[in-house]
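Colleague: The opening residue of the sequence shown carries number 19 in our numbering; numbering runs sequentially from there.
We put the beta carbon where it would ideally sit given N, CA and C, even for glycine.
All values derive from a computational prediction rather than experimental measurement.
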Amino acid sequence: MPYFERDGALLFYITEGQGPPVLFLHGWACDSQDFIFQIPFLQALGYHTIAFDARGHGRSSTPPVSHPEQLRPEVTSDDAVALLAHLGIAAPVLVLGHSLGCLTASLLAIRAPRLVRALVLVDPMYYQTAAAHEGFTRALAGDGRAHEVLGRSFAQPDDKPAWLRTWHRMRLLATPEWVVYQVAYQKNVVEPAVGNWEVVRGMFGGRGCPRLVVLKDETNLEKERSLGLGEKDGLMVLDGDHWLHVQEAERFNQIVGKWIDDL
């Protein structure tokens, strides 16, 4: 079975293909299925693809309620390091993250720089300030609130295709509400609160590897630019949904393929 155990957690993963390794990191209340369009695309380009479900998400085990700290992005980053070791992968990997997965990917590049060749970040969710996060995190608390509040967010924009809304709703409802809440609380409130822009802007200028950042609109373009851009970095807007790598998969894949070729 495609599971490995780390510190009592049973983590689902899938690995296929041969060649240079690519690691996929999904977002909040989602799972590794988010990359169903990128995995075969990159395999066809000769890459070895690796994806796993974070603790409390998808097919991986859920931490005990008494240990919500296991839902911190730092722990997911360390789980990624452990998975690569479990698979015997020593070569630096290309890391592709979406949303919260961009935060995890960036932490991985900072905490284990020898393991990361480059980053592809899809509409990161690390641009909000502590003040902005405070109200949203508080709104998630209470019975029935987390699914309702995050569900409304996932349903946007109004013209989102029905199939995409249904897919998001099914996975959200399969994620325990306390997990949904604690993922936000652990990254936005518990120190060092690495999900807040005030912390991010002091940390993420030193990710130490090339990065391609693809945003859904121009809202956070200047914030990402302020983190610094190297000669090999890419920053662009692909107008669309937060899950632009799903809804605009063909266009997104071509962007990624070209950028990788130019590395």
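#1: When you compare the CB positions of Leu247 and Leu239, do they come within less than 8 Å of one another, or not?
#2: Taking the beta carbon of Val134 as the centre, do at least 16 other beta carbons fall within 10 Å, making it buried, or is it exposed?
#3: Excluding the five sequence neighbours on either side, which residues of its own chain have a C-beta within less than 8 Å of the C-beta of Tyr65, listed in chain order?
#4: Could you tell me which of Phe59, Phe53, Val83, Leu60 sits nearest to Phe70, measuring between CA atoms?
#5: Classify Leu89: buried if its beta carbon has 16 or more other beta carbons within 10 angstroms, exposed otherwise.
#6: Kindly indicate which three-state DSSP category Val208 falls into: helix, strand or coil?
#7: Just the Cα atoms here: how many angstroms apart are His129 and Asp97?
#8: Here's a check: name, in chain order, each residue in its chain whose Cβ is nearer than 6 Å to the Cβ of Val231, leaving out the five neighbours to either side.
#9: Less than 8 Å between the beta carbons of His260 and Gln56, yes or no?
#10: Using the C-alpha atoms, what's the distance from Leu60 back to Val197?
#11: Kindly indicate the opening and closing residues of the alpha helix (DSSP H) around Ala180.
#12: Measure the alpha-carbon distance for Phe154 versus Leu190 and round it to whole angstroms.
#13: Run through DSSP, which three-state label would Thr67 get?
#14: If I follow the unbroken alpha helix (DSSP H) through Pro106, where does it start and stop?
#15: Alpha carbons only, please: which of Gly169, Leu125, Ala108 is nearest the one belonging to Trp46?
#16: By DSSP's criteria, Met254 is part of a beta bridge. Which residues make up the other side?
#17: Does Asp279 pass the burial test, meaning 16 or more other C-beta atoms within 10 Å, or should it be called exposed?
#18: Excluding the 5 residues preceding and the 5 following Ser78 in the sequence, name in chain order all residues of the same chain whose CB lies nearer than 6 Å to its CB.
#19: Use the C-beta contact count for Arg132: other C-beta atoms within 10 angstroms, 16 or more gives buried, fewer gives exposed.
#20: Where does the unbroken alpha helix (DSSP H) through Pro39 begin, and where does it stop?
#21: Out of Gly160, Arg269, Ala123, which has the shortest C-alpha to C-alpha gap to Arg225?
#22: Please state whether the Cβ-Cβ distance between Val208 and Glu92 is less than 8 Å.
#23: Terminal residues of the continuous beta strand (DSSP E) containing His85?
#24: Suppose contacts are defined by Cβ-Cβ distances below 8 Å. Is Ala27 in contact with Arg73 by that definition?
#25: For Leu121, report the span of its alpha helix (DSSP H) as first-last.
#26: CB-CB under 6 Å to Ala202, same chain, minus the five flanking residues each way: which ones, in chain order?
#27: Any idea if Gly76 is buried or exposed, counting beta-carbon neighbours within 10 angstroms, 16 or more meaning buried?
#28: Using CA atoms only, rank isn't needed, just tell me which of Leu182, Phe270, Arg219 is closest to Tyr145.
Modeller: Looking at the coordinates:
#1: Within the sequence shown, numbered from 1, the residue matching residue 247 stands at position 229. Within the sequence shown, numbered from 1, the residue matching residue 239 stands at position 221. No, the Cβ-Cβ distance between Leu247 and Leu239 is not below 8 Å.
#2: As a first step, residue 134 must be located in the sequence shown, where it is residue number 116. Taking every protein chain shown into account, the CB of Val134 has 16 or more other CB atoms within 10 angstroms, so this residue is buried.
#3: Residue 65 sits at position 47 when you count from the first residue of the sequence shown. Result list for Tyr65: Gly35, Gly37, Pro38, Pro39, Val40, Leu112, in chain order.
#4: As a position in the sequence shown, residue 70 is number 52, starting the count at 1. Minimum Cα-Cα distance from Phe70 among the listed residues Phe59, Phe53, Val83, Leu60 corresponds to Phe53.
#5: Residue 89 sits at position 71 when you count from the first residue of the sequence shown. Taking every protein chain shown into account, the CB of Leu89 has 16 or more other CB atoms within 10 angstroms, so this residue is buried.
#6: As a first step, residue 208 must be located in the sequence shown, where it is residue number 190. Val208: coil per DSSP, three-state reduction.
#7: Start at 1 with the first residue of the sequence shown, and residue 129 comes out as number 111. Start at 1 with the first residue of the sequence shown, and residue 97 comes out as number 79. What sits at residue 129 in the sequence shown is Arg, not His. Straight across, the Cα-Cα distance linking Arg129 with Asp97 is about 12 Å.
#8: Numbered from 1 along the sequence shown, position 213 holds the residue referred to as residue 231. Closer than 6 Å at the Cβ level, and outside the excluded window around Val231, lie Leu139, Glu242, Leu253.
#9: Sequence index remark: in the sequence shown, residue 260 carries index 242 (1-based). Sequence index remark: in the sequence shown, residue 56 carries index 38 (1-based). Not closer than 8 Å, so no.
#10: On the sequence shown, residue 197 is found 179 positions in, with the first residue counted as 1. On the sequence shown, residue 60 is found 42 positions in, with the first residue counted as 1. Put simply, the backbone Cα of Val197 is about 31 Å away from that of Leu60.
#11: If you number the sequence shown from 1, residue 180 lands on position 162. Residues 180-191.
#12: For this step, residue 154 is matched to residue 136 along the sequence shown. For this step, residue 190 is matched to residue 172 along the sequence shown. Those two C-alpha atoms are separated by around 17 Å.
#13: As a working note, residue 67 is residue 49 in the sequence shown. In this structure, Thr67 counts as strand in the three-state DSSP scheme.
#14: What you label residue 106 is simply residue 88 of the sequence shown in a count that begins at 1. In the sequence as presented, Pro is not what sits at residue 106; that position holds Gly. Segment: none, Gly106 is in no alpha helix (DSSP H) and carries neither H nor E.
#15: Working through the sequence shown from its first residue, we reach residue 46 at position 28. If you compare the alpha carbons of Gly169, Leu125, Ala108 with that of Trp46, the shortest gap goes to Gly169.
#16: Position 236 of the sequence shown, counted from the start, is the residue given in the question as residue 254. Answer is Val232.
#17: Looking up residue 279 in the sequence shown gives position 261. Exposed is the call here.
#18: Position 60 of the sequence shown, counted from the start, is the residue given in the question as residue 78. Cβ contact annotation for Ser78 (same chain, cutoff 6 Å, sequence separation greater than five): Leu29, Phe30, Asp71, in chain order.
#19: Along the sequence shown, read from residue 1 onward, the residue named residue 132 stands at position 114. Looking at its Cβ environment, which holds fewer than 16 other Cβ atoms inside 10 Å, Arg132 is exposed.
#20: Your numbering for residue 39 matches position 21 in the sequence shown. Boundaries for Pro39: no alpha helix (DSSP H) harbours it, while the beta strand (DSSP E) harbouring it runs 39-43, taken from the DSSP string.
#21: For the purposes of this step, residue 225 is taken as the residue at position 207 of the sequence shown. Proximity to Arg225 across Gly160, Arg269, Ala123 peaks at Ala123, based on C-alpha coordinates.
#22: The sequence position of residue 208 within the sequence shown is 190, counting from 1. The sequence position of residue 92 within the sequence shown is 74, counting from 1. No, the pair does not count as a contact, with Cβ atoms beyond the cut-off.
#23: Stepping through the sequence shown from its first residue, residue 85 is reached at position 67. Counting along the chain, no beta strand (DSSP E) covers His85, and no H or E run does either.
#24: Taking the first residue of the sequence shown as 1, we reach residue 27 at position 9. Taking the first residue of the sequence shown as 1, we reach residue 73 at position 55. Yes, the pair counts as a contact, with Cβ atoms nearer than the cut-off.
#25: Stepping through the sequence shown from its first residue, residue 121 is reached at position 103. First-last of the alpha helix (DSSP H) with Leu121: 118-129.
#26: Walking along the sequence shown from the start, residue 202 turns up at place 184. The beta carbon of Ala202 sits closer than 6 Å to those of Thr155, Leu158, all from its chain and outside the five residues before and after it, given in chain order.
#27: Taking the first residue of the sequence shown as position 1, residue 76 is located at position 58. Burial call: buried.
#28: To locate residue 145, count along the sequence shown from 1; it is residue 127. The shortest Cα separation from Tyr145 among Leu182, Phe270, Arg219 belongs to Arg219.
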